[in-house]
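UniProt numbering applies: residue 1 is where the sequence shown begins, and numbers increase by one.
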Amino acid sequence: MEDLMESEIATALISAVIAGVVGLLIGKLKSSKEKRGRSPIWLSAVLFVVVLIGMLYVGAQPDETDYMDGGNKQVAATTMSTPYVRAEGEMVVHYINVGQGASQLLVGPTGKTMLVDAGNNDKEDMMVAYLQRAGIEKIDILVGTHPDADHIGGLDAVINQFDVGQFYMPQVQSNTKTFEDVLLAAKKKGIKVNTAKAEVTLKWDQGTTVQMVAPIGDYKDTNEMSAVIRVAYGETSFLLTGDAETKSEADLVTSSTMLKADVLLIGHHGSNSSTSDPFLERVNPRYAVIQSGKNKYGHPTPEILAKLANKNITLFRNDMVGNIVFVSNGKTLDVKLDPWEYAKGRTK
């Protein structure tokens with residue numbers, strides 16, 4: 001925030017200087033025109049150059065937005081026009097705008113990658129394009145949180161397009177074509193499907209801790225069987241929840257598992273069936289992200305939005321701001337907003 005204030009002050013001062021120079025030049029132009037009947041060419045040229053420099057300077061400044069939603073806090077979020085370029089030692093977490101679905105791409109401090117979910121079937125091309133645009137060549141860890149199509153629909157395309165290291169999914173019964181397509185894609189490439197469950201520790205990238213904290217038990221509902229993953233880097237942490245609902249949350253709350261996280265992915269796209277009060281208190285996030293799009297379910301619900309607002313948790317929503325990118329240096333978090341949308345045949 002201090003850097004933002006300094007940038008705004010500098011911009012204001014430079015803008016004032018440019019405005020002053022333009023004002024003086026316009027005054028000279030008027031005076032010269034009154035005396036000679038026409039304006040000197042050199043003076044008009046100088047005025048043009050000054051105005052052009054001013055336009056280029058303003059246009060070159062990053063779009064810093066005080067983003068407010070879900071609380072009374074203001075958070076500076078930079079709107080990007082190009083993909084974020086990760087600096088060495090940074091961990092970057094992308095909440096990809098897949099509409100009514102979910103997908104998170106994580107790039108670790110040395111460049112290791114993890115993809116959790118991949119949106120619905122109709123987002124396959126978009127997912128591949130987003131990953132290519134981000135410079136991804138290999139997915140070191142791939143996770144399908146549960147068999148719902150709006151979470152795993154694009155996984156088969158990702159498996160077909162990219163090299164994949166480890167692959168995890170919870171052990172559930174599902175006979176949907178989407179689920180079968182994912183398993184078939186993995187089988188064709190000789191990729192083993194590991195079981196996603198509580199107490200599984202993933203060896204990922206230097207300085208990071210990745211722990212699967214759910215599912216703890218066996219649940220009949222596939223949403224409750226969602227893999228819940230806590231990712232920590234230095235003093236910063238993220239909790240990715242899939243569609244985990246109140247039963248899974250209740251088991252997590254009564255467990256001794258570390259749930260505290262700076263950033264919480266709100267479960268089940270902001271449905272009332274997730275984000276119980278005890279769970280929210282255990283996680284105690286500063287930021288929340290909701291991944292949803294146009295839908296018939298009322299996601300996110302007014303009750304969830306009010307709950308986040310009452311706890312003064314700053315909320316970011318894909319349906320409102322596009323792709324959301326958190327950048328961690330291990331101590332602090334920055335937020336970047338990426339409005340990029342997929343157009344067929346385009347990856348830039």
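Think of the CB as a built atom: it goes at the ideal place given N, C-alpha and C, for glycine as much as any other residue.
Small disclaimer: the values here were computed from a predicted structure and weren't measured.
Can you give me the C-alpha to C-alpha distance between residue i and residue j, rounded to a whole angstrom?
i	j	result
residue 303	residue 337	25 Å
residue 191	residue 311	43 Å
residue 71	residue 198	Bear in mind that a pLDDT of 43 at residue 71, under 50, signals an unreliable position, so the model cannot answer this.
residue 143	residue 205	16 Å
residue 180	residue 187	10 Å
residue 61	residue 320	Residue placement at residue 61 cannot be trusted, given a pLDDT of 44 that sits under 50; the coordinates are not used to answer.
residue 154	residue 91	24 Å
residue 150	residue 329	31 Å
residue 230	residue 280	14 Å
residue 246	residue 300	16 Å
residue 259	residue 82	33 Å
residue 193	residue 174	15 Å
residue 211	residue 200	6 Å
residue 125	residue 176	21 Å
residue 162	residue 115	11 Å
So, is residue i buried or exposed, given that buried needs 16 or more other C-beta atoms within 10 angstroms?
i	result
residue 341	exposed
residue 306	exposed
residue 354	Shown here, the chain extends from 1 to 348; a query on residue 354 therefore has no answer.
residue 109	buried
residue 57	Legend: pLDDT at residue 57 = 44, less than 50; position of this residue unreliable, no value from coordinates given.
residue 168	buried
residue 287	buried
residue 331	exposed
residue 195	exposed
residue 157	buried
residue 235	exposed
residue 119	buried
residue 98	buried
residue 135	exposed
residue 343	exposed
residue 318	buried
For residue i and residue j, which I take to be in contact (beta-carbon distance under 8 Å), what is that distance rounded to the nearest angstrom?
i	j	result
residue 213	residue 252	6 Å
residue 276	residue 261	In fact, because the Cβ distance is near 16 Å, the residues do not count as touching under 8 Å.
residue 117	residue 152	7 Å
residue 242	residue 146	6 Å
residue 227	residue 208	Between residue 208 and residue 227 the Cβ distance is about 17 Å, and since that is not below 8 Å, they are no contact.
residue 159	residue 189	6 Å
residue 104	residue 240	6 Å
Any heavy atom of the ligand SAH closer than 7 Å to the CB of residue i?
i	result
residue 149	Among the components modelled here there is no ligand, and therefore nothing to report on the ligand SAH.
When you compare each of the options to residue i by their alpha carbons, which one comes out closest?
i	options	result
residue 351	143, 293, 334	Because residue 351 is not part of the residues shown, which for the chain are 1 to 348, the question remains open.
residue 148	99, 211, 201, 223	223
residue 107	259, 283, 86	86
residue 202	98, 344, 113	113
residue 80	344, 326, 343	326
residue 278	255, 297, 317, 137	255
residue 315	132, 263, 240, 135	263
residue 266	78, 89, 95	95
residue 130	272, 240, 322	322
* Mind listing, in chain order, the continuous alpha helix (DSSP H) runs of no fewer than 4 residues lying wholly within the stretch 236–313? => 246–253, 277–283, 302–310
* To do: Identify every run of the beta strand (DSSP E) within the stretch 176–247, keeping only runs that are complete inside it and at least 3 residues long; order them along the chain.
  => 193–195, 200–202, 208–214, 228–233, 236–240
* Asked: Of all the beta strand (DSSP E) runs that stay within the bounds of the stretch 94–124, which reach a length of 3 or more residues?
  -> 104–107, 113–116
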